[in-house]
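Below is one structure, written out as structure tokens; comments come after it.
Residue numbers (this note's numbering): 1 to 286.
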């Protein structure tokens, strides 16, 4: 298919992008384009204007500042996957990035574009929730901070308001004995997550002092399984504890079903992959 007619502007600064967005309510932001362009070709999206952020170098960076990891929204998946700094201080991010698409997608796609798209089978939302990230949204009116738990609202819907652009992702630098893991069942055709689970554990003497879990692929949006986290916190992470906690991975969740995986199968996979991710994170903390 061919996209409907549209105008295209490639901006050089964030302020220029925000001005255009404020003037054109129906405009769409082009980051990596791996979700938006296919949707436009299928005419599922027909924006009158595309605002391309590709030339704004100030939005692409990986850094550490005052105990926080800071990622520019235009940082590519590959830049995160290959970052020596992140492999050292927050390995969940490079691991998650390595599960995304193929080499071509990872070299062009961006973390900000993926998060703002809020695909229910996207990988980044699970990791961002597990890392308790703050997402910095900016507009002509100023900036605001959105907690990861509040950012993903529904299918392809986020807490970003009209006129806002996701500028930065901030993550507290892990402290103490921390173990992290991201495990995923890839859809054999698309590579998206049938189920993906990110686990972020703080462990002292085999006892879980803190657990943060994010799950994607199961429901209309990524979510935090609070019952799993509660079952882990304060407990010794033996196999029985992990099995009991993982059994709550899909509590209260309305699971998606399709030709590849029924709702019940997705719930089952959520339990299986949650147990595996917790065990992997535990072992890496030792």
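Just so you know, even glycine gets a beta-carbon here, dropped at the ideal spot from N, CA and C.
Selection from the options that minimises the alpha carbon distance to residue i
i           : options               : result
residue 99  : 190, 237 and 88       : 190
residue 13  : 104, 173, 237 and 56  : 56
residue 177 : 185, 206 and 131      : 206
residue 183 : 135, 130 and 146      : 130
residue 256 : 245, 246, 268 and 247 : 268
residue 7   : 26, 15, 31 and 19     : 26
residue 113 : 263, 144, 274 and 60  : 60
residue 95  : 146, 197 and 238      : 197
residue 123 : 47, 48, 97 and 145    : 97
residue 36  : 239, 101, 266 and 3   : 3
Proximity below 8 angstroms, CB of residue i to CB of residue j
i           : j           : result
residue 166 : residue 115 : yes
residue 270 : residue 218 : yes
residue 133 : residue 148 : yes
residue 155 : residue 220 : yes
residue 111 : residue 80  : yes
residue 32  : residue 108 : yes
residue 51  : residue 20  : yes
residue 194 : residue 277 : no
residue 201 : residue 285 : yes
residue 105 : residue 34  : yes
C-alpha gap between residue i and residue j, whole angstroms
i           : j           : result
residue 230 : residue 11  : 46 angstroms
residue 24  : residue 162 : 10 angstroms
residue 9   : residue 41  : 18 angstroms
residue 164 : residue 139 : 5 angstroms
residue 68  : residue 120 : 27 angstroms
residue 179 : residue 209 : 12 angstroms
residue 227 : residue 192 : 26 angstroms
residue 103 : residue 76  : 11 angstroms
residue 22  : residue 222 : 29 angstroms
residue 137 : residue 143 : 6 angstroms
residue 274 : residue 16  : 43 angstroms
residue 90  : residue 47  : 37 angstroms
residue 234 : residue 146 : 28 angstroms
Residue burial classification, residue i (beta-carbon count within 10 angstroms, cutoff 16)
i           : result
residue 118 : buried
residue 216 : buried
residue 88  : exposed
residue 225 : buried
residue 246 : buried
residue 85  : exposed
residue 236 : exposed
residue 315 : Any property of residue 315 remains undetermined from this structure, which presents the chain solely from 1 to 286.
residue 157 : exposed
residue 243 : exposed
residue 38  : exposed
residue 66  : exposed
residue 188 : exposed
residue 259 : exposed
residue 287 : The displayed coordinates of the chain run from 1 to 286. Any statement about residue 287 would go beyond what the structure contains.
residue 252 : exposed
Supposed contact pair residue j and residue i - C-beta distance, whole angstroms, cut 8 angstroms
i           : j           : result
residue 169 : residue 73  : 7 angstroms
residue 174 : residue 152 : In fact, because the Cβ distance is near 22 angstroms, the residues do not count as touching under 8 angstroms.
residue 29  : residue 53  : 6 angstroms
residue 232 : residue 250 : 16 angstroms between Cβ atoms; not a contact.
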